[in-house]
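Quick note: the sequence shown uses this note's numbering, first residue 37, plus one each step. Below you'll find the structure, written out as C-alpha cells, and then a few comments.
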Amino acid sequence: MTSTTVGFVGVGRMGAPMARRLMNAGFRVVAYDASPAALSGVEASGAVAASSPKAVADEAGLVLVSLPTPDILEKVVLGENGVSSGSKVKIVVDLSTSGPKAAARVAAGLADRSIDWVDSPVSGGVKGAEAGTLAVMVSCKEEVRATVEPILTNFGKTFFTGQEPGQAQVAKLANNILAAGVMVMTTEVMAMGMKARLNPEVLLDIIQAGSGRNSAAGDKFPRCVLPGTFDFGFAIGLSYKDVRLCVDEAEGLGVPMLAGGVVREVLAMINAKYGADADFTYIAKFMEELTGVEIRK
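Right, here's the structure in full:
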C-alpha cells in the first residue's frame, strides 16, 4: 500500500494534532468527526472533510481512528456507515485507548471483511501529539507492521508489543493506571506538605531529586496545580474509563490489582463529583476540598 492518502476518524484534542502532523509530512488526509467544529478545524489546516466514517474509508486504504470509548469505537468501525463498509479500506489503525476486549471484537469483525486491524494506542498527551513525541504502542501482523510504521513514526517512538489484537491495549492500560496512581499519591503527599507548612515548590523539587520522582510531580503539579489552572487537557472521565478497563482486564487474567482498585474508587468519586469532562488534575482539587488546604505556590 503506497498511497499518500490516509483516512482519519476522530480529530478532537488528540486526533487533530496527529492529523496535522501527517499533513505536514506530505500525506493527504481525509477526515471525519461527529463534531462539526473539530472537523472544520482540521479542514482549515488542509484536510479533506468527509461526510461519514464510510466516506473516509471510500477514499483511503488505511484509516486511523482516535475515539473516546470502546462502544463508540465499535459503532464507528463496524456500525452502519462505519469504516468497515468503505470500498477502499484495507487497514484500520486504532489510536484510542479502547481496551483489549473491544480490540478483539473489532479485529474479528474486520477480519470477516478481509480488513486488517492494528492496535496503536498512544501516550504523551496533547503536547506530545503536537510535538511528535508520543509513545506509540503497536500490535498487529508482522506484514502489516511494515506498512503502518512509517505513518506511526510521525507521532513519536513506536513500541511493537506483539501480533495479537489487544496486546498494545494492555500495555497502554498499564501505563495509564500508573499515571493515575502517581497523580493520586502525589496529591496526597502534597496536601500533607501544605498542612505541615512546607513550600510546595521545594517539596516537588525534593520528590523529583529523590526516589519518588514521577510525572505528576515533574509536570502536572508545577504546570497545572500550583498555578491553580487545572488545565492539563485530559478528562477525568477518560482516565476513569482507562483505570476501569485496566482493573477489569487484570482481574480477568487472574492478577489481583489491589492498589489499582483503590485508584479506581478515587477516580469514581472525582468523576461523580465534578463530571466526566473535568480535567484530570481535578484529582488535586478534590484533595484540596477534603483537606481544606490549597496546593499553591
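Virtual Cβ for every residue (Gly too), placed ideally from N, Cα, C.
- Message: Does Ala-227 pass the burial test, meaning 16 or more other C-beta atoms within 10 Å, or should it be called exposed?
- Response: Residue numbering aside, residue 227 sits at position 191 when the sequence shown is read from its first letter. Ala-227 should be labelled buried.
- Query: Are there three or more Cβ pairs, one per stretch, closer than 8 Å when the segment 73-83 is compared with the segment 94-109?
  - Reply: Contact fails: fewer than three Cβ-Cβ distances are below 8 Å.
- Query: By the 10 Å Cβ neighbour count, where 16 or more other Cβ atoms means buried, how is Arg-57 classified, buried or exposed?
  - Reply: Position 21 of the sequence shown, counted from the start, is the residue given in the question as residue 57. Buried, because 16 or more other Cβ atoms sit within 10 Å of the Cβ of Arg-57.
- Message: My parser needs the alpha helix (DSSP H) runs of 4 or more residues fully inside the segment 130-195; what are they?
- Response: Taking only runs of at least 4 residues, the alpha helix (DSSP H) segments lying wholly in the segment 130-195 are 136-147, 161-167, 178-188.
- Own chain partners of Ala-85 with C-beta closer than 7 Å, once the 5 adjacent residues on each side are dropped: The residue you call residue 85 lines up with position 49 of the sequence shown. So the qualifying residues of the chain are Ala-67, Leu-75, Glu-79.
- Query: What is the rounded straight-line gap between the Cα of Thr-38 and the Cα of Ala-61?
  - Reply: For the purposes of this step, residue 38 is taken as the residue at position 2 of the sequence shown. For the purposes of this step, residue 61 is taken as the residue at position 25 of the sequence shown. The predicted position of Thr-38 is uncertain, since its pLDDT is 48 and thus under 50; a value taken from the coordinates is nonetheless stated next. Between Thr-38 and Ala-61, the C-alpha separation is close to 15 Å.
- Task: Could you name the residues that DSSP lists as bridge partners for Leu-98?
- Result: Here residue 98 corresponds to residue number 62 of the sequence shown, with the count starting at 1. Residue pairing from DSSP places Leu-98 in a beta bridge opposite Ile-127.
- What separation, rounded to the nearest whole angstrom, lies between the Cα atoms of Asp-69 and Gly-160? Mapped onto the sequence shown, residue 69 falls at position 33. Mapped onto the sequence shown, residue 160 falls at position 124. Their Cα atoms are separated by approximately 22 Å.
- Task: Throw me the rounded Cβ distance for the Lys-90 and Gly-46 pair, which I believe falls under 8 Å.
- Result: If you number the sequence shown from 1, residue 90 lands on position 54. If you number the sequence shown from 1, residue 46 lands on position 10. Lys-90 to Gly-46, Cβ: 14 Å. No contact.
- Task: Quick one: residues in its chain with C-beta nearer than 8 Å to the C-beta of Ala-182, no 5 flanking neighbours on either side, listed in chain order?
- Result: Counted from its first residue, the sequence shown places residue 182 at position 146. Answer for Ala-182: no residue qualifies.
- Message: I need the straight-line Cα distance from Ile-64 to Lys-111, nearest angstrom please.
- Response: One-based indexing of the sequence shown puts residue 64 at position 28. One-based indexing of the sequence shown puts residue 111 at position 75. For the sequence presented, residue 64 should be read as Arg rather than Ile. Cα to Cα, the separation comes out at about 25 Å.
- Item | Residue range of the unbroken alpha helix (DSSP H) whose run includes Val-119 | Numbered from its first residue, the sequence shown carries residue 119 at position 83. Per DSSP, Val-119 lies in no alpha helix (DSSP H) and is assigned neither H nor E.
- May I have a chain-ordered list of the alpha helix (DSSP H) segments no shorter than 4 residues that lie completely inside the segment 246-291? If you keep only unbroken alpha helix (DSSP H) runs of at least 4 residues inside the segment 246-291, you get 272-288.
- Item | Contact under 8 Å by Cβ, Val-92 with Val-129 | What you label residue 92 is simply residue 56 of the sequence shown in a count that begins at 1. What you label residue 129 is simply residue 93 of the sequence shown in a count that begins at 1. Between Val-92 and Val-129, the C-beta spacing is not below 8 Å.
- Under three-state DSSP, which class holds Thr-197? Against the sequence shown, residue 197 aligns to sequence position 161. Secondary structure at Thr-197: strand, using DSSP grouped into helix, strand and coil.
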